[in-house]
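Okay, structure first, notes after.
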Amino acid sequence: MSSAIFVVALSLPLPAIAAGVVNVKASEHSCSELTQMIRQNKKVFVRVGFGGRSFRYPLAQCSMGDKRTTTSLRDAGGKQCILDYACVFDPASPYNFP
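Just so you know, we're using our numbering here: the sequence shown kicks off at 48 and counts up by one.
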């Protein structure tokens, strides 16, 4: 019985086991579209220039060693967006000490 469960678990596609992070380019969407994507997908990495920022929704789901904050970026139309739900590195967290 346990081998049958193991075989079924291995045959499932990876997204069925763990929800992946959605990658989005900020320069291709408006502020309201970005906000909607973050709320619908729960985990979103928004690319801004060479780097990017991670967003998680609901608010309390940042990883250990991260802190929740707001961030600003420019959308497709050049408008300044201020978005909540950003998870950024927290230098004061005890999880980030070697």
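Glycine included, every Cβ here is placed at the ideal spot set by N, Cα and C.
If you're wondering where the values come from, they're calculated on a predicted model, not measured in any experiment.
Please return the same chain residues whose Cβ sits closer than 6 angstroms to the Cβ of SER140, not counting the five positions on each side in sequence.
On the sequence shown, position 93 is the one that residue 140 refers to. Cβ neighbours of SER140 beyond the five flanking positions: GLY112.
Q.
In the DSSP assignment, the alpha helix (DSSP H) including SER79 goes from what residue to what residue?
A. By 1-based counting over the sequence shown, the position of residue 79 is 32. Segment 78–88, the alpha helix (DSSP H) holding SER79.
Q. According to DSSP, is TYR104 helix, strand or coil?
A. Within the sequence shown, residue 104 is the residue found at index 57, counting from 1. TYR104 carries a coil assignment under DSSP once its states are collapsed to helix, strand and coil.
Looking at the unbroken beta strand (DSSP E) that takes in ALA133, where does it start and where does it end? Mapped onto the sequence shown, residue 133 falls at position 86. Here the beta strand (DSSP E) through ALA133 covers 127–136.
Nearest-angstrom beta carbon gap, VAL91 and VAL68 [assumed within contact, 8 angstroms]: Sequence index remark: in the sequence shown, residue 68 carries index 21 (1-based). Sequence index remark: in the sequence shown, residue 91 carries index 44 (1-based). Contact flag correct, Cβ pair sits at about 7 angstroms.
Answer with buried or exposed for VAL71, where buried requires no fewer than 16 other C-beta atoms within 10 angstroms of its C-beta. Working through the sequence shown from its first residue, we reach residue 71 at position 24. When all chains shown are included, VAL71 counts as buried.
- Who are the Cβ neighbours of ALA123 in its own chain at under 7 angstroms, not counting the five residues just before and after it? For the purposes of this step, residue 123 is taken as residue 76 along the sequence shown, with counting starting at 1. Correct list, in chain order: SER74, GLU75, HIS76, SER77.
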